[in-house]
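Trainee: I'd like to ask some things about the structure below.
Structure (structure tokens):
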């Protein structure tokens, strides 16, 4: 038989360890629930992941960390924004029709091969695409401006 004092110390130690294990288990369940909410909107998946850790404790947590979605919803949203931004950058890039050199939207000629990309409106001096028949800024007809032999264009 053990002395009464040692038996009490062992009982208190076991009770404290049990309380710690219970609190740790509860924290694992709460952490899993919060983590899966950040990773998916599927309610069934959230419930199953939480139950996995609730029922199987540490082995359930290990299974959850293996099976959980690799990125949070915020990370997936940020990645999709980044991809969309990159796609817009790619779409906005212009290239010379002759030499395929990268050009800016305000270039009149290609700096590499010299092909004419745009022309200046004789009335308002803004850049116009070569195929435009009218200036969208001052409404001058580009055909009239080109046909006018004198230095002053007619509108």
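Numbering (the numbering used here), first residue to last: 132 to 286. Glycine included, C-beta positions come from ideal geometry on N, C-alpha and C.
Going by Cα to Cα distance, which pick from 256, 218, 157, 244 is closest to residue 226?
Mentor: 244
Trainee: Can you tell me whether residue 174 is buried or exposed, with buried defined as 16 or more other CB within 10 angstroms of its CB?
Mentor: exposed
Trainee: Buried or exposed for residue 167, going by 16 or more other Cβ atoms inside 10 Å?
Mentor: Result: buried.
Trainee: Could you tell me the distance, in whole angstroms, from the CA atom of residue 281 to the CA atom of residue 240?
Mentor: Caution applies to residue 281, whose pLDDT of 48 falls short of 50 and renders its modelled position unreliable; the model cannot decide the point.
Trainee: Who are the Cβ neighbours of residue 142 in its own chain at under 8 angstroms, not counting the five residues just before and after it?
Mentor: none
Trainee: Just list the residues that DSSP pairs residue 247 with in beta bridges.
Mentor: Partner(s): 240.
Trainee: Quick one: what's residue 234 bridged to in DSSP?
Mentor: Residue 234 pairs with 225.
Trainee: Report buried or exposed for residue 161, applying the criterion of at least 16 other Cβ atoms within 10 angstroms of its Cβ.
Mentor: Counting Cβ neighbours within 10 Å, residue 161 comes out exposed, since fewer than 16 surround it.
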